[in-house]
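Undergrad: One structure, as structure tokens, below. Some questions next.
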Amino acid sequence: MAPLFILQPEQARPNDPRVYANPAELCWRLGIPQTGKAQQNNLDSIRGTAPPFARFLCEAGLRRHPCSGKVLPVGWPSGPFCYAAGMSDVPLPVPAGGTSRGASTPRSTLAVCIAALFALGLLNGALGPLVPRLSARISVPVEEVGAMFMALFLGALLFQLAGGWLNERLGLRLMVVAGTALLAAATLGLTLGLTLPTVLACALLAGAGQGTLDASTNVLVPAVFRERSVSAVNLLHFAFGAGAVLSPKMISLSSSTWGNPMPTLWLAAALGAVAALATWRWALDPNVARPPTSAAGTAIYRQPVLWLLSLVLFLGVGVEIGVGGWTTVYAGRTTALAEGTVANLVSGYWLALMAGRLLGAALGVRLTSRRLAMLAIGGTCLGSVMLILGSGTVGWTVAGTLVVGLGVGPIFPTVVVLGTEAFPAAPSRAVSVIIAASSVGGMLLPTLQGFLLQRVDPLASVGMVAAACCLMALLILPVAWRPWSADARGATG
């Protein structure tokens with residue numbers, strides 16, 4: 013093993029490839045407690061089993077320098093850094109640079125992101141049931157209040173598109189803090205607004221918070237979990253779904269108990285504020301990879317893989333929202349199900365979607381993101397075919413709806429991880445485009461499905477769902493079976 017010593021700042025050279033991250037980052041990357049006797053015990057236990065480069069980093073770094081939490085980009089040292097003579101060709105498997113504060117770990121990072129997305133789910137699930145209440149409070153027609161959904165969409169789309177650029181300049185942790193704080197403030201504003209412009213402005217700000225969270229959490233969580241990123245991101249989006257499903261129930265409960273549905277939004281605002289503070293304190297902040305030149309930065313937008321993944325999520329989110337939004341009308345017209353039973357079917361669909369994300373989290377430790385994406389899309393294809401073949405039959409309609417929900421659940425989080433894997437040199441830019449495409453699909457395809465259901469034929473609407481699922485399967489095949497191109501992986505720089 014090469015001789016070990018500590019490189020002081022005056023001994024280092026900028027861009028020296030042998031300068032590595034500081035002890036705090038190594039702690040959470042290696043899963044070692046950062047303080048006390050437990051740390052020493054862990055160091056002793058791994059000394060004989062860790063790879064040479066990890067063993068030297070633990071012994072030379074953690075014992076001499078208890079975790080200060082200060083990290084600067086690799087190649088520009090500040091403070092004592094670990095250094096191994098003759099080991100410059102051995103890369104350290106941690107994000108370049110970044111910061112780690114005190115007890116910050118990948119798990120604490122995931123926990124605060126889950127809290128933020130749960131608050132976001134509470135808001136999204138509450139807006140529909142609150143429209144009549146808001147309409148009565150500000151004395152405007154319901155259809156005018158409905159414009160807040162367009163404001164929410166536009167705010168989210170704008171910041172999803174800008175999110176890649178902002179991530180690279182502000183950092184992932186600050187973006188999560190900003191998005192959660194915006195969401196909390198806008199949610200509180202919705203409960204206090206007394207005019208339509210105020211409500212629309214708050215909806216626009218809430219959309220900005222949502223877009224910021226989408227663009228940052230979906231890059232931050234894969235960055236700190238690496239090999240388990242598929243499981244972690246599926247859990248993250250399970251939290252969003254849980255908030256969206258629980259929110260209407262909470263509104264019903266608060267309305268019947270206190271005669272006021274607003275406590276649900278107050279809870280969402282409070283949770284968002286707490287999540288923002290917790291993110292600043294306990295979230296890791298790995299540096300965001302960014303292309304070295306402007307030419308390399310624009311090259312990503314010419315990669316077919318990016319647009320294939322974007323189209324997959326365009327269709328996937330369109331199917332997810334369309335089936336959830338139109339099942340009540342479709343099942344009511346084509347089957348003999350009672351109104352209450354149809355409502356239970358819709359609830360079952362969303363529960364199946366959440367179960368799909370939990371299943372994706374479990375399978376994510378065993379399957380690659382490509383295989384899990386193919387499996388999930390195959391499930392939606394099967395469910396949509398069941399809807400077509402069993403149109404008008406209660407059993408087939410119920411089964412097909414639940415299978416579609418189970419299959420579509422893991423698609424969004426898994427394809428997002430695929431985007432970060434395909435473009436490691438510019439993950440923020442890739443995720444920004446992919447998520448923005450999903451938002452557009454979630455707006456356009458349910459509208460088309462509703463048109464077919466109302467104006468053409470109910471069977472045509474589920475035919476559209478089946479066509480979208482089959483097209484997803486065709487689009488994912490070249491992504492799943494072919495290696496990423498050199499340009500896609502950032503070799504252009």
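Counting the sequence shown from 1 gives a position; our numbering is that position plus 12.
All C-beta atoms in this analysis are idealised placements derived from N, C-alpha and C, irrespective of residue type, glycine included.
The structure displayed is predicted, hence computed values, not measured ones.
1. Going by the beta-carbon positions, is the gap between residue 372 and residue 392 smaller than 8 Å?
2. Nearest CA to the CA of residue 163: which residue from 213, 138 and 285?
3. What do you get for residue 313, buried or exposed, if any count of 16 or more other CB atoms within 10 angstroms of its CB means buried?
4. Just how far apart, CA to CA, sit residue 434 and residue 153?
5. Does the region 348–358 come close enough to the region 393–403 that 3 or more CB-CB pairs lie under 8 Å?
6. In the structure shown, what three-state DSSP assignment does residue 469 receive?
7. How close, in whole Å, do the beta carbons of residue 377 and residue 240 come, if the pair is a contact with beta carbons under 8 Å?
8. Report the rounded CA-to-CA distance for residue 486 versus residue 463, giving the unit in angstroms.
9. What does a CB cutoff of less than 7 Å around residue 479 pick up in its chain, not counting 5 residues either side in sequence?
10. Whole angstroms are fine: how far does the CA of residue 181 sit from the CA of residue 308?
11. Count the other CB atoms, across all protein chains shown, that sit within 10 Å of the CB of residue 99; report buried if there are 16 or more and exposed otherwise.
12. From residue 468 to residue 288, what does the alpha carbon distance come to, in whole angstroms?
13. Starting from the Cα of residue 361, find the closest Cα among 340, 379, 374 and 380 and give me that residue.
14. Considering Cα atoms alone, identify which of 126, 189, 199 and 417 is closest to residue 136.
15. Among 441, 388, 280 and 407, which residue has its Cα nearest to the Cα of residue 417?
16. Does residue 209 pass the burial test, meaning 16 or more other C-beta atoms within 10 Å, or should it be called exposed?
17. Using only CA atoms, which one of 482, 461 and 484 lies nearest to residue 474?
18. Excluding the 5 residues preceding and the 5 following residue 244 in the sequence, name in chain order all residues of the same chain whose CB lies nearer than 7 Å to its CB.
19. Give the range of the alpha helix (DSSP H) segment to which residue 358 is assigned.
20. Could you check which residue in 219, 172, 251 and 277 has the C-alpha nearest to that of residue 126?
21. According to DSSP, simplified to helix, strand and coil, what is residue 238?
22. Do you know whose CA, among 301, 216 and 493, lies nearest residue 197's CA?
23. Taking just the CA atoms, how far does residue 177 sit from residue 271?
24. Can you tell me the Cβ-Cβ gap for residue 445 and residue 432, rounded? I've got them flagged as a contact below 8 Å.
25. Between residue 190 and the rest of its own chain, which residues show a CB-CB distance below 7 Å, the 5 nearest in sequence each way excluded?
26. Per DSSP, what kind of secondary structure is residue 152 in: helix, strand or coil?
27. Return yes when the Cβ of residue 165 is within less than 8 Å of the Cβ of residue 455, no when it is not.
28. Between which two residues does the alpha helix (DSSP H) holding residue 342 run?
29. For residue 437, does the three-state DSSP call read helix, strand or coil?
30. Do residue 282 and residue 116 have their C-beta atoms within less than 8 Å of each other?
31. Give me, in chain order, the residues of the same chain whose beta-carbon lies closer than 8 Å to that of residue 394; leave out the 5 immediate sequence neighbours on both sides.
32. Under a CB-based cut-off of 8 Å, is residue 299 close to chain B?
33. Inspect the beta-carbon positions of residue 129 and residue 298 and report whether they are closer than 8 Å.
34. Residue 230 by DSSP, collapsed to three states: which one?
35. Quick check: what's the CA-CA separation for residue 538 versus residue 263?
TA: Checking against the coordinates, here is how it stands:
1. Your numbering for residue 372 matches position 360 in the sequence shown. Your numbering for residue 392 matches position 380 in the sequence shown. With respect to the 8 Å criterion, residue 372 and residue 392 are not classified as neighbours on the basis of their beta carbons.
2. As a first step, residue 163 is located in the sequence shown; it is residue number 151 there, counting from the start. The candidate whose alpha carbon is nearest that of residue 163 is 213.
3. Your numbering for residue 313 matches position 301 in the sequence shown. Counting the other CB atoms within 10 Å of its CB gives residue 313 a total below 16, which places it among the exposed residues.
4. As a first step, residue 434 must be located in the sequence shown, where it is residue number 422. As a first step, residue 153 must be located in the sequence shown, where it is residue number 141. Taking the Cα positions, residue 434 is about 47 Å away from residue 153.
5. Not touching, per the Cβ criterion.
6. The residue you call residue 469 lines up with position 457 of the sequence shown. Residue 469 falls in the coil class under three-state DSSP.
7. For the purposes of this step, residue 377 is taken as the residue at position 365 of the sequence shown. For the purposes of this step, residue 240 is taken as the residue at position 228 of the sequence shown. The beta-carbon separation of residue 377 and residue 240, rounded to 6 Å, stays under the 8 Å limit for a contact.
8. To locate residue 486, count along the sequence shown from 1; it is residue 474. To locate residue 463, count along the sequence shown from 1; it is residue 451. Taking the straight line from one Cα to the other gives about 25 Å.
9. Along the sequence shown, one-based indexing puts residue 479 at 467. The beta carbon of residue 479 sits closer than 7 Å to no other beta carbon from its chain once the five residues preceding and following it are set aside.
10. For the purposes of this step, residue 308 is identified with residue 296 of the sequence shown, where counting begins at 1. For the purposes of this step, residue 181 is identified with residue 169 of the sequence shown, where counting begins at 1. Near 17 Å, if we compare the C-alpha coordinates of residue 181 and residue 308.
11. The sequence position of residue 99 within the sequence shown is 87, counting from 1. A caution first: residue 99 carries a pLDDT of 25, below 50, which makes its placement in the model too unreliable to give a value.
12. Start at 1 with the first residue of the sequence shown, and residue 468 comes out as number 456. Start at 1 with the first residue of the sequence shown, and residue 288 comes out as number 276. Cα to Cα, residue 468 sits roughly 47 Å from residue 288.
13. Stepping through the sequence shown from its first residue, residue 361 is reached at position 349. Considering only alpha carbons, the answer is 340.
14. Locating residue 136 in the sequence shown gives position 124, counting from the first residue. Comparing Cα-Cα distances from residue 136 to each of 126, 189, 199 and 417, the minimum goes to 199.
15. Walking along the sequence shown from the start, residue 417 turns up at place 405. Comparing Cα positions, the closest option is 388.
16. Stepping through the sequence shown from its first residue, residue 209 is reached at position 197. By the neighbour-count criterion, in which 16 or more other beta carbons inside 10 Å mark a residue as buried, residue 209 falls on the exposed side.
17. Reading the sequence shown from its first residue, position 462 is the one you call residue 474. Checked all of 482, 461 and 484; the closest Cα to residue 474 is 461.
18. Here residue 244 refers to the residue found at position 232 when the sequence shown is read from its first residue. These residues qualify, in order along the chain: 122, 233 and 237.
19. Here residue 358 refers to the residue found at position 346 when the sequence shown is read from its first residue. It spans 351–375 - the alpha helix (DSSP H) in which residue 358 sits, taken as one unbroken run.
20. To locate residue 126, count along the sequence shown from 1; it is residue 114. Of the listed residues, the one whose Cα sits closest to residue 126 is 251.
21. Numbered from its first residue, the sequence shown carries residue 238 at position 226. Three-state DSSP puts residue 238 in a helix.
22. Counted from its first residue, the sequence shown places residue 197 at position 185. Looking from the CA of residue 197, the closest CA among 301, 216 and 493 belongs to 216.
23. In the sequence shown, counting from the first residue as 1, residue 271 sits at position 259. In the sequence shown, counting from the first residue as 1, residue 177 sits at position 165. Using only the alpha carbons, I get a separation of about 45 Å.
24. In the sequence shown, counting from the first residue as 1, residue 445 sits at position 433. In the sequence shown, counting from the first residue as 1, residue 432 sits at position 420. No, residue 445 and residue 432 are not in contact; Cβ-Cβ is about 12 Å, not under 8 Å.
25. In the sequence shown, counting from the first residue as 1, residue 190 sits at position 178. Excluding sequence neighbours, residue 190 sits near 224.
26. In the sequence shown, the residue the question calls residue 152 occupies position 140. Correct three-state label for residue 152: coil.
27. Locating residue 455 in the sequence shown gives position 443, where the first residue counts as 1. Locating residue 165 in the sequence shown gives position 153, where the first residue counts as 1. Taking 8 Å as the cut-off, the beta carbon of residue 455 is found closer than this to the beta carbon of residue 165.
28. For this step, residue 342 is matched to residue 330 along the sequence shown. 316–346 is the extent of the alpha helix (DSSP H) around residue 342.
29. As a position in the sequence shown, residue 437 is number 425, starting the count at 1. Three-state result, residue 437: coil.
30. For the purposes of this step, residue 282 is taken as residue 270 along the sequence shown, with counting starting at 1. For the purposes of this step, residue 116 is taken as residue 104 along the sequence shown, with counting starting at 1. For residue 282 and residue 116, no; Cβs fall outside 8 Å.
31. Walking along the sequence shown from the start, residue 394 turns up at place 382. Within the same chain, residue 394 has close Cβ partners 415 and 419.
32. No chain B appears in the structure shown, which is made up of a single protein chain.
33. As a first step, residue 129 is located in the sequence shown; it is residue number 117 there, counting from the start. As a first step, residue 298 is located in the sequence shown; it is residue number 286 there, counting from the start. Contact flag unset, no.
34. Working through the sequence shown from its first residue, we reach residue 230 at position 218. DSSP places residue 230 in helix when its eight states are reduced to three.
35. Nothing in the structure corresponds to residue 538, since the chain is present only between 13 and 505.
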